[in-house]
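Here is the structure we will look at.
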Ligand code: PRX
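In the working numbering, the protein residues as written are -13 to 638.
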């Protein structure tokens, strides 16, 4: 845990925005009073609250007998119940007569367009589920999904859910090494991929990365490949199978087997402050309930809505608010494969106009990039279909919030700033759009059933207005259940820092209105473009380069990305600092981890600032990276000359 006792908060923002009368008229939760009543009830009697929600929102194959079995820190929700997650996301809507409703409205970066109705989604998921079984996958097996953002990524996830296999989606921007590590950790049996996908006008050959990864991941026996382009693609006999050969010849009927409420649904890797990425484990009924009801109330979803969450399915947002939350509610979603600036910065806005998107959910980093590109782009398009805007992934700065509100929302759309994590499974602190008065920069109030608290290092609540560590006091259905293969780390990292509470790793403060302001991560994890990256992983990648002796990675505030990656690197003897070497190291990291982790700056020096006990003094490096004159305590620093040398090394 951070050595800070509490956190200083300097941001002051007090403008308040009420939902319009027009909006309030049709909202599910239409006043702060109603929200507060329901929230209080959910905290006072969590058992009856969750029981009612689970029975009303999900279809059970067998009813549960007990809402929660809680042996801190292990939770079992809806004990005794049986459910099929895919049935809840597809079949039940078809049975209710919604088969012809659009489930997925997809646009490829190259302009290809497809619509899958709930009927078509059911057929394709059933065929894919049958194909997975033919390829030897059964309940409990792990399947890695490494795909571009195409409907088949969602189809694959739901096909796994249908047969009880766990999916592990790996973001298509990750490198072959990252894929191999994750395959190995999960001991995946099958990889589902595509020949490639389009991004920023280029074709990224994902299958080549899979071939590379499979040289190092021996658990994988077979590869299922969707053909996204007409390019040539190498296939290995007996190992690689084309989707169009094996999936489309299957029956469109597949039995929806019920699974226990706690049957594992998926694992998703995320960065932690120490060591390798953690496989966060989510299970069936509780996760689905969190996704379903948070989606319903936060986006106030109505039958006529068209919902677009721009996240990739490789992140938790793409699991909960592209796939499970919307589909469980029978909503129509938009999916777009590519970059926001291809072929130009009008792409997002043209998609909103074309499909009459009514709810748009994206990340502050994307909003800031659009602001930079200029107001002329959104102004070219008709955005009048929008009624709610959302953000997720990092704190949103008030300027970006106001731009979003004025230029995109035409001052009429409530903005839901949703705070949550891979581990929490669904949004935890968020306005409800028809009930809560918002202020730019705050995620506002807890969702139903969620009880946050801000505490100091000793676990004591801090005074209102003071910064501290954000913890959650009670278990909730969509919480992670463990870390794959490392329950000890689960207990230590999330439940031991502040005994009895879930430790979020974020700092926060609460204002006089009760709003929670998230102050960012308190450990050594960077938040780059809304994605958590481990400094450790980048450091060990740098050290794997033959010229590097030691590396320390820190974040530096960045207008667009939230945090930029700054790497302090000392070289082995015999290697000379040069611009070429800096470039080579940047490329090395991008190649090993993925373009997202490409360092923004490399600073080379003979050595790094350390304490006498040999610990790298990161807080000093953070100041240097930010160009600040350090006021930090340097009494434990071993060699002062190192600091001066580091300050002199210019940026690239
Ligand atoms: O620091 C918080 C930040 O993102 C972290 C979670 O990252 P990840 O597990 O990758 O999930 C991102 C998408 C849910 C949090 O610990 N974060 C997320 N949403 C917000 C946020 N910080 C401030 N405001 C938010 N709305």
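All residues carry an ideal CB built from backbone N, CA and C; glycine is no exception. These numbers come from a predicted model, not from an experiment.
Inter-residue Cα distance where the pair is residue i and residue j
i	j	result
residue 272	residue 397	36 Å
residue 99	residue 93	5 Å
residue 472	residue 167	15 Å
residue 7	residue 370	17 Å
residue 552	residue 384	25 Å
residue 136	residue 300	12 Å
residue 64	residue 347	30 Å
residue 484	residue 445	5 Å
residue 654	residue 152	This structure cannot settle anything about residue 654, because the visible part of the chain is limited to -13 through 638.
residue 243	residue 107	18 Å
residue 219	residue 181	6 Å
residue 603	residue 122	50 Å
residue 125	residue 411	22 Å
residue 246	residue 280	22 Å
residue 510	residue 304	24 Å
residue 12	residue 286	9 Å
residue 197	residue 224	14 Å
residue 395	residue 372	7 Å
residue 577	residue 163	9 Å
residue 639	residue 75	Nothing can be reported for residue 639: it is not among the residues displayed for the chain, which extend from -13 to 638.
residue 480	residue 336	42 Å
residue 628	residue 529	19 Å
residue 331	residue 359	7 Å
residue 320	residue 474	40 Å
residue 436	residue 535	46 Å
residue -1	residue 440	20 Å
residue 96	residue 318	22 Å
residue 316	residue 588	48 Å
residue 82	residue 239	18 Å
residue 21	residue 38	17 Å
residue 191	residue 403	35 Å
residue 117	residue 140	15 Å
residue 252	residue 554	36 Å
Residues sharing a beta bridge with residue i, DSSP
i	result
residue 364	Paired residue(s): none; residue 364 is not in a bridge.
residue 152	128
residue 543	549
residue 538	554
residue 143	DSSP lists no partner for residue 143.
residue 494	454, 504
residue 520	511
residue 702	Since the first residue shown for the chain is -13 and the last is 638, residue 702 is missing from the structure and cannot be characterised.
residue 268	252
Residue i burial status per 10 Å Cβ neighbour count (16 or more: buried)
i	result
residue 58	exposed
residue 550	buried
residue 86	exposed
residue 467	buried
residue 538	buried
residue 56	exposed
residue 569	exposed
residue 282	buried
residue 264	buried
residue 532	exposed
Best match in the options for proximity to residue i [C-alpha to C-alpha]
i	options	result
residue 129	507, 75, 178	178
residue 378	176, 335, 429	429
residue 342	314, 367, 325, 352	367
residue 194	204, 1, 175, 158	158
residue 249	290, 218, 148, 197	148
residue 490	457, 2, 505	457
residue 43	314, 141, 90	314
residue 27	432, 1, 520, 277	432
residue 566	237, 590, 150, 492	590
residue 262	469, 232, 328	469
residue 482	18, 53, 16, 60	60
residue 105	118, 84, 116	84
residue 54	478, 32, 423	32
residue 545	516, 556, 487	516
residue 593	571, 586, 563, 612	563
Taking only runs of the alpha helix (DSSP H) that begin and end inside the segment -5 to 46, which ones reach a length of at least 4 residues, in chain order? 7 to 12, 18 to 30, 32 to 43
Quick check for students: name the residue ranges of the beta strand (DSSP E) that lie wholly in the segment 189 to 255, counting only runs of 3 or more. 208 to 212, 226 to 228
Enumerate, from N- to C-terminal direction, the unbroken beta strand (DSSP E) stretches of 3 or more residues contained entirely within the segment 52 to 105. 52 to 57, 60 to 65, 88 to 93, 99 to 103
Taking only runs that begin and end inside the segment 389 to 414, name each unbroken beta strand (DSSP E) of 3 or more residues, in chain order. 401 to 404
Sequence ranges, alpha helix (DSSP H) only - wholly within the segment 429 to 485, length at least 4: 473 to 481
Can you list, in chain order, the stretches of the beta strand (DSSP E) that have 3 or more residues and sit fully within the segment 259 to 322? 264 to 269, 292 to 295, 318 to 322
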